[in-house]
Amino acid sequence: MDFINAIVLLLNYIFVPALSYGSQLALGAIFVSLIYGILRFAYFTAGDLMSFGTMFTILFTWYFQSLGISLGVFPTALIAIPFGIIVTIFYVLVKDKLVFSYYRFKKSPPVMLAMVSIGTMFVTQAIVRIVIGPFDRRFFDGEKFILKANEFKEMTGLNEGLTIKSTQVITLFVTIIVVSILFWFLNKTKTGKSMRAYSDNEDLALLSGIDPKRVVMITWVIAAILATIGGTLYGLDKSFKPFTYFNNMLPIFAAAIVGGIGNPFGAFLGGYVIAFSEILVTYAYRKFFIYLLPESIEPDSLLQLLSTDYKFAVSFSILVVVLLFRPSGIFKGKVI
Amino acid sequence: MTFFSGEKMTGGYGGADIITSCTINVNRGEIVAILGPNGAGKSTAMKAMLGLLNLKSGKVYIDGKDISKLTPQDRVKEGISFVPQTRNVFTGLSVQENLEMGAYLREERVDEIINEIYELFPVLKEKKFQIVGELSGGQRQQVALGRALMTKPSVLMLDEPTAGVSPIVMDELFDHILKVKKTNVAIIMVEQNAKQALSIADRGYVLVTGENKFSGTGKELLNDPEVRRSFLGG
């Protein structure tokens, strides 16, 4: 019985949260990886683009709520997402036209484009702070839990409860759907294949008649879609605070690089690698060992490797280790 | 009037002229080899015909039409196809996807053309779902040729197709190039292996410092004592 309790404990505090957090990171990492592969620069606006998309989703959510529209047990934000996506697509395309296209035309080196994206990051941050403010906001409505700890305890008679939040399940479902559509698009459609070809060998793609403008535009559209969905899922699951989204850039980049930057499937798996590492390292294992070990050698300390305040150190360390020892990432992307 | 020709082309990559008053032409169903020592401007002459560099003077014609001012992409639409020396395949895509990308501009279904390519290069059919990065050098060159042929070109330009492959693979590739020639395509190739190239070429041009020094049929060049001494190693 103690053994099952220990497993449930890990499921509740590590597996379920890491799975949803990993999905949210994966969505971000995929578009960072795509932009790196096709536009050939590190897109530092990633975290703030997610907050931009989420902000508009929240604004539409409030609007729908004021009209009395709701989805019952599901959060209203789900119907607001498409509208948030449209605004974000418009924003990235205007930004590309006004800023990035100039440097592309001049064939600026990737480092310069990365610096430019830091500039657009500050602009995006400023827009978000002006429109919605820097505060922590919750915009979740609907049914919060699918499985409550007490219900689980009653059902199974265990000491440990298992909580499953509806946002975690929604995150997982939406991620599976979005990622399946994306990989179907990249692997099976002519446009998707042309994007992979362009990322693989730009000169040959041009010689084959692939239109670079079209490829670039579709990349931005996909980035806006993934950023808005990923950001909204994160905000529903936790809360929306612009600064947190900016911070998320580090695990997102770590995920993209671990997976092999330029390789969207690697980035997808990289998201889970980072999420699980972060949570595994910052979890306090005391209770887990109390269940498993005999009373005589029970631990006194928390058995926590790293305080949760330092969770970014985990992704940062992974980033450094991967760049030092396997710069192409686990799944063979481009060497940075 | 030859089918595809570059007349008195002069130009370079911005600095000094690399080719001066260089003339190259080719007819359908003919193989023309461009030879010469390193740095003679062989590849540059070919790239000029594709539009990858701006000409100061000179004209490029295809089928009597002046295409000197067209971009490389537009020249591809006119029926010119180019196989670069390096990075001439999409290494992360499968064989079949490489061929599909070659026919990107074609609106209709490309299955038929792909089957024609598979008939020409049977080994590609066996490996159609394999990632090109995992193929051998010779097979990759076949993918590169196949990709270039997907546009159903009237002119095929090959930049050192046998660079870095073994002699056996080189013979095999030349066989494939001869097969392509039989489909009534005009072929221009730049080659380092002058002897082998001239043995399959109908005509050859020898460039020295960007100018036509010698030209003639493969046999003539092979038998010309001066050409032999300078470029064929005696």
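As you go down the protein sequences, you meet chains A and B in turn. Reading the first sequence from the start, the letters are residues 1 to 336 in the numbering used here. Reading the second sequence from the start, the letters are residues 1001 to 1234 in the numbering used here. All C-beta atoms, glycine included, are put in the ideal place defined by N, C-alpha and C.
Residue pairing by DSSP places residue 1059(B) opposite 1007(B) in a beta bridge. In the three-state scheme derived from DSSP, where H, G and I count as helix and E and B as strand, residue 1021(B) is classed as strand. Looking at 1189(B), 1148(B), 1217(B) and 1223(B), the one whose alpha-carbon comes closest to that of residue 206(A) is 1148(B). Only residues of its own chain outside the window of five on either side were considered, and among them 291 and 292 have a CB closer than 8 Å to the CB of residue 3(A), listed in chain order. Contact between the segment 114-129 of chain A and the segment 211-228 of chain A is absent: fewer than 3 CB-CB pairs across the two stretches fall below 8 Å. Going by beta carbons, residue 164(A) and residue 16(A) fall inside the 9 Å limit. Within its own chain, the residues whose Cβ lies closer than 7 Å to the Cβ of residue 330(A), once the five positions on either side in sequence are excluded, are 258, 259, 260 and 266, listed in chain order. Closer than 9 Å to the CB of residue 1044(B) there is not a single CB belonging to chain A.
For the C-beta of residue 1122(B), not a single chain A residue is nearer than 9 Å; the gap to the nearest is close to 23 Å. For the 9 Å CB-CB criterion, residue 317(A) and residue 255(A) do not form a contact. DSSP lists 1205(B) as the beta-bridge partner residues of residue 1215(B). Looking only at 190(A), 178(A), 14(A) and 281(A), the smallest Cα-Cα distance to residue 226(A) is reached by 178(A).
Every alpha helix (DSSP H) of 4 residues or more that sits fully in the segment 133-163 of chain A is shown, in chain order, as 149-156.
Between residue 197(A) and chain B, the shortest Cβ-Cβ separation is below 9 Å. Along the segment 1101-1115 of chain B, going in chain order, the ones with a CB nearer than 7 Å to a CB of chain A are 1101, 1102, 1104 and 1105.
Listed by position along chain A, the residues whose Cβ is nearer than 7 Å to that of residue 1139(B) form an empty set, because the closest Cβ is around 17 Å away. Straight-line measurement puts the Cα of residue 128(A) at about 56 Å from the Cα of residue 1009(B). Taking CB atoms only, residue 1129(B) has no neighbour in chain A less than 9 Å away. Contacts with chain B at 9 Å (Cβ-Cβ) do not include residue 69(A).
Note that the C-beta distance between residue 275(A) and residue 19(A) is below 9 Å. Inclusion of residue 88(A) and residue 49(A) in the CB contact set at 9 Å is warranted, their separation being smaller than that value. Under a 10 Å Cβ-count criterion, residue 1114(B) is classified as buried, with 16 or more other Cβ atoms of the shown protein chains found around its own Cβ. Rounded to whole angstroms, the separation of the alpha carbons of residue 211(A) and residue 62(A) is 40 Å.
Scanning its chain for C-beta atoms nearer than 7 Å, with the 5 sequence neighbours on each side dropped, one finds around residue 34(A) the residues 219, 222, 223 and 264, in chain order. Boundaries of the alpha helix (DSSP H) around residue 78(A): 77-95.
Taking all protein chains in view, the Cβ of residue 310(A) is surrounded by fewer than 16 other Cβ atoms within 10 Å, so the residue is classified as exposed.
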